[in-house]
Every structure is written in structure tokens, then in C-alpha cells.
Amino acid sequence: MSWITKTLTSSIGRKIIMSATGLFLCTFLVVHLVGNLQLFKHDQGAAFNTYSHFMGTNPIIRTIEWGLVLGFGFHIFEAFALTRRNKAARGTQGYVSNHSEQNSEWTSRNMGILGSIILIFLIVHLYNFFWRARFAGDLPRMGGADPLTSDYDNLYLAVVSSFHIWWYVLLYVAAQISLGYHLWHGFRSGFQTLGLNHRKYTPLIKYVGYGFAVLVSAGFASMPLYFFLFTDAQGEMAANAPAFLHTVASAF
Amino acid sequence: MAGSNPNAKPMNLTLNVWRQPNRQAQGKIVEYHVKDISPDMSFLEMLDVLNEDLLRGGQDPVAFDHDCREGICGSCDLFINGRSHGPEKGTTTCQLHMRKFSDGDTITIEPWRASSFPVNKDLSVDRSAFDRIIQAGGYVSVNTGGAPDGNEIPIPKEISDRAFEAATCIGCGACVAACKNASAMLFVSAKVSQLALLPQGHVERKTRVENMVAQMDKEGFGACTNIGSCAAECPVGISLENIAILNREFLAAKATSNNLA
Numbered sequence: 001m002s003w004i005t006k007t008l009t010s011s012i013g014r015k016i017i018m019s020a021t022g023l024f025l026c027t028f029l030v031v032h033l034v035g036n037l038q039l040f041k042h043d044q045g046a047a048f049n050t051y052s053h054f055m056g057t058n059p060i061i062r063t064i065e066w067g068l069v070l071g072f073g074f075h076i077f078e079a080f081a082l083t084r085r086n087k088a089a090r091g092t093q094g095y096v097s098n099h100s101e102q103n104s105e106w107t108s109r110n111m112g113i114l115g116s117i118i119l120i121f122l123i124v125h126l127y128n129f130f131w132r133a134r135f136a137g138d139l140p141r142m143g144g145a146d147p148l149t150s151d152y153d154n155l156y157l158a159v160v161s162s163f164h165i166w167w168y169v170l171l172y173v174a175a176q177i178s179l180g181y182h183l184w185h186g187f188r189s190g191f192q193t194l195g196l197n198h199r200k201y202t203p204l205i206k207y208v209g210y211g212f213a214v215l216v217s218a219g220f221a222s223m224p225l226y227f228f229l230f231t232d233a234q235g236e237m238a239a240n241a242p243a244f245l246h247t248v249a250s251a252f
Numbered sequence: 253m254a255g256s257n258p259n260a261k262p263m264n265l266t267l268n269v270w271r272q273p274n275r276q277a278q279g280k281i282v283e284y285h286v287k288d289i290s291p292d293m294s295f296l297e298m299l300d301v302l303n304e305d306l307l308r309g310g311q312d313p314v315a316f317d318h319d320c321r322e323g324i325c326g327s328c329d330l331f332i333n334g335r336s337h338g339p340e341k342g343t344t345t346c347q348l349h350m351r352k353f354s355d356g357d358t359i360t361i362e363p364w365r366a367s368s369f370p371v372n373k374d375l376s377v378d379r380s381a382f383d384r385i386i387q388a389g390g391y392v393s394v395n396t397g398g399a400p401d402g403n404e405i406p407i408p409k410e411i412s413d414r415a416f417e418a419a420t421c422i423g424c425g426a427c428v429a430a431c432k433n434a435s436a437m438l439f440v441s442a443k444v445s446q447l448a449l450l451p452q453g454h455v456e457r458k459t460r461v462e463n464m465v466a467q468m469d470k471e472g473f474g475a476c477t478n479i480g481s482c483a484a485e486c487p488v489g490i491s492l493e494n495i496a497i498l499n500r501e502f503l504a505a506k507a508t509s510n511n512l513a
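Order-wise, the sequence lines are chains A and B. Residue numbers for the first sequence follow my numbering, beginning at 1 and rising by one. Residue numbers for the second sequence follow my numbering, beginning at 253 and rising by one.
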């Protein structure tokens, strides 16, 4: 093995890949969340469909997409590699009595379980939206008067109809809660592993991470909940939706 | 025998102790009862009482590691009621006193658990993996000549304080015992950052961190996931900042050292 592979397969090397890919995926979450906020726009999905058409066809985005595939791939692969190593290090004979809840946070000890829930969600999520839009080609067209957009996939309608299936909404919300807890530990942990620990900035990173975890997971979870609770099958807001939602929607 | 405290009442306790005849054998928890334990006794003195009882009854005493009994040597390694060195913060087992327990308590006592720390007998574990990590680079081997005059090597007080804090690690292994991943990174990072902070350690800093991490991995310790149990259980309060320093030192060394292996 060369010094590079030796470095990257050492315990610290694997952790550095884990944190670098993890922080990269955090930037993806921001882009994904901000783009998807267009679902809330009151235009029968025109803005969202135009955006998703751009994301699916723009050559620069399609190139960066490979970076995303590698980011997820390495993050998941290293998670399995590290879990295996760490389980072997812990040994077969466990403690009869172990009160780890008195010395550490639950989230920090259960990143693997949280990550596995997110992985299951990811597979379902990719199959339902990404696969259908990119490969299956069975999505309805947007139609309408505009000749530029009438041939676009109506991904908005696929989203709305998925978010009217109760178990689907449940899976999404459960996954977003897991993601929130995953980020609660993962954000600051990523900086620590890269050696970015400083008495001035580490407390700041910690609280920014908490805010990031809550905002991102609540932001994503709000989408299935909104469509399930407050809209009809076309994504039109129901008349009985709370008044403030109407105000927010018209502000968009 | 209530000791020096006139209000201290002697206690009767139930002990669930891990018994294992040797490294290969299967161990198990055995229940014992000790009577008239003074609250002023240290935890190890309580175990001495148990062993005297066992010897009087013709039984094999419980093997446990101990040496200085004043919190310096890092020998007393017991996992008490699910915590490294027991429930008290910032103490070794020998500094834990029976006044922290109550009459009638049941106390579970286990050895450190980790693949790299095999159990020798009962509560005594083999921590020579730590020695081998130190042998791999936890020292300064350059010829430093005679003792220099005071203040000849300028070291800011803040740096010397931080190096000293890292140097207080007694190598007890509580970090490994408490860690979900049985990671030794708090231990390794304490030595690496202590020496990396000081000018005497700068000469060998790259080879040191490369060799110590390589030995740590070879011994089969896990990888840090920044849970923080180690620092919470450390009897001398080694902080997680040291692990960040270790990661930094490792990355810088790997990127710039002349070592191609």
C-alpha cells in the first residue's frame, strides 16, 4: 500500500473521510432544502417543475451530481468500515452494567442507527422521485399554454400525491427526526475530526450545529406534513387550513 | 470500626464481582457480601476486606490492579456500577470513598472491557498495549545536553500549562473502557499534544504521531466518533481538544513527512 492508502485506511484517515464527506453533505442539504421550498409556491408547481427540470438537465449540475454520489458513497462505506472496526475493538464480552447515558449523549452513541434509518429513507426517496424523473419516465407532463415548460415532467404532482399517502408521510417525518439527531452530533463532530477545535470557535460551531440540525430537519419535515394536512390532491390549499398559512402562501 | 468520622455508620454491601480464572476461561459475575465497611475506607480498602474474608474462608481472593493508592500511578482500573472508576467525577478507583455509597447498596464491579485489554484474572487486565504505543514514539530521543538555564528556552506560560495538562494523563485506560468504540485516542492524543506543544518535542513530532497512531491501530483500538465519554470519565480531566490536536498533527505529518511507508 502506498502512503496515501495507508493514511486513508488508518483509524484517523477513515474518520477524516467521514467528516469531510459529512460536512460536504451538509452543504447539499442546504441547496436541496432551499430549492424544495419552491413546493410552497402557489403556482400549481410551475416554479418547482422549472427548477427540477434545470437540476435534471443542466450539465454543470449533472457533473456536480457525481460528487454527491461519491460523497454519499464514501460516507456510507466508511460508516460500515468504522462500525466493523469499532465493534471488533469493543470485544465480544460486553459490560454487565454500563451507564454510558451518564457520560455522553444518546445521539452521539447512536449515529449508526440514525444513519441507517436515513439510508433506508434515501433508497425509498431516490426510487420514488429521482428514479422516476430520471430513468422511468412515467411522470405526467406539465402541460399548459407555455410551449417551453409544457413538456417538463410534473414532478410537483408526483410529490403532492406521494405526500397524501399516510405511511409515506410517516417515513419522511421519522427520517427527518433521525436526520436532525444525526446532524445534532455530526455537525460539530465533523469540525472536531478535522482538528478544527479552538476555544473561541468550538462553542460557536456547537450551537450553529444545533440550529442547523433543527432548521434543516424541520424544514424538510414541513413539506410532507403541509401537503398531507392542508392540501387537496392537486396541491391546492384546503379552505380549512390555518389563516397564517394562507398569509405565508400569498407572501410567496 | 467507623474510622475517624464519629457520625459514620458502618455499611453492609452486596458486591457483584466479575470472576475469571485466566485469560482463556469464561468469566461470570459472582455475588459476595461484605459487612461493617467504614464510609472512610477507599474502594480498594473495601476490596481488601472482601479478600481477607475470602482468604479466611479458604477461597481464592479477587485479583485487581492497584499500586500507589493516591491517584498517580493509574493502576487501579475498575468499572464500577457501569462507570470507569465509579460514579464520582475526576477520581481514580483508589480515590473513590465508600461514603459515596449507602448501607445496603449493591455494587457491580467489572474489569475494563476492550479487545486490546485482555483480562488476566478477575478484575486485572493487561494494558501493555498502552506501553507499546508509548514505545512507538511517546518520548523525546534527541540529545538535549545538560539542563539548560531557566528561561533559556522561551515557552509561554499558556503553552506550558496546556502541555502540563496533557502530561497529567496517568495511562489508566478509563477512556478506552468507557468508549463505545474502545478507542485509545484520548490517551494517544494526550501524549502527542503534550510533546507537540513543547520545543523539545518539535524535532520528532512527525514521526512520533505517525508511529503512535500506527501502533494504536495495530493494537486494535477503535476509531474516535467524538462521543465524549472518555473525557467525561477521565480521572485527570484530559480534554477532547487534545484529540483535535492529534488529528491535526496526524494530517500535517502524513502530508509533509518524508516517510513513504
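All C-beta atoms in this analysis are idealised placements derived from N, C-alpha and C, irrespective of residue type, glycine included. As the structure is a computational prediction, the values presented were derived from the model and not from experiment.
Item                                                                                                                   : Value
Cutoff 7 Å: asparagine 214 of chain B Cβ touching any chain A Cβ                                                       : Outside the shown range of chain B (253 to 513) lies residue 214 of chain B, about which nothing can therefore be said.
Cβ contact (3+ pairs, closer than 8 Å) linking the stretch 335-355 of chain B and the stretch 289-296 of chain B       : yes
Contact set between valine 96 of chain A and chain B, taken where Cβ atoms lie within less than 8 Å                    : Asn268, Trp270, Ile281, Thr360 and Glu362
Beta-carbon neighbours of isoleucine 479 of chain B, restricted to chain A and to distances below 7 Å                  : Ser104, Ser108 and Arg109
Members of the stretch 462-476 of chain B that neighbour chain A once the beta carbon cut-off is set at 8 Å            : Val465, Ala466, Met468, Asp469, Gly472, Phe473, Gly474, Ala475 and Cys476
N-terminal and C-terminal residue of the beta strand (DSSP E) that asparagine 463 of chain B is part of                : Segment 457-470 is the alpha helix (DSSP H) holding asparagine 463 of chain B; no beta strand (DSSP E) there.
Members of the stretch 331-348 of chain B near chain A, C-beta cut-off 7 Å                                             : Phe331, Asn333, Gly334 and Arg335
Through-space distance from alanine 366 of chain B to threonine 508 of chain B, alpha-carbon basis                     : 33 Å
Any chain B beta carbon closer than 7 Å to tryptophan 184 of chain A                                                   : no
Per-residue burial, arginine 199 of chain A [other beta carbons within 10 Å of its own, 16 or more giving buried]      : exposed
Minimum length 3: unbroken beta strand (DSSP E) runs contained in the stretch 51-128 of chain A                        : none
Chain-ordered chain A contacts of serine 368 of chain B [CB-CB under 8 Å]                                              : Ala89
Nearest-angstrom beta carbon gap, glycine 112 of chain A and threonine 83 of chain A [assumed within contact, 8 Å]     : 5 Å
Reduced DSSP secondary structure (H/G/I, E/B, other) of isoleucine 324 of chain B                                      : coil
Burial state of aspartate 232 of chain A, where buried means 16 or more other Cβ atoms lie within 10 Å                 : exposed
Proximity to glutamine 44 of chain A [Cα-Cα], best of A:Ser97, A:Pro59, A:Ser189 and A:Glu236                          : A:Glu236
Assumed close pair serine 100 of chain A, arginine 109 of chain A - CB separation to whole angstroms, cut-off 8 Å      : 6 Å
Where the alpha helix (DSSP H) through valine 259 of chain A begins and ends                                           : Residue 259 of chain A is absent from the structure shown; chain A starts at 1 and stops at 252.
Pairwise C-alpha distance: arginine 275 of chain B and valine 371 of chain B                                           : 6 Å
Aspartate 138 of chain A, enclosing alpha helix (DSSP H) - first and last residue                                      : Looking at the DSSP string, aspartate 138 of chain A is not in any alpha helix (DSSP H), and its letter there is neither H nor E.
Partner residues on chain B for tryptophan 3 of chain A, Cβ-Cβ distance less than 8 Å                                  : Lys506, Asn511, Leu512 and Ala513
Nearest-angstrom beta carbon gap, asparagine 49 of chain A and methionine 142 of chain A [assumed within contact, 8 Å] : 5 Å
Per-residue contacts from lysine 15 of chain A into chain B (C-beta, under 7 Å)                                        : Ala475 and Cys476
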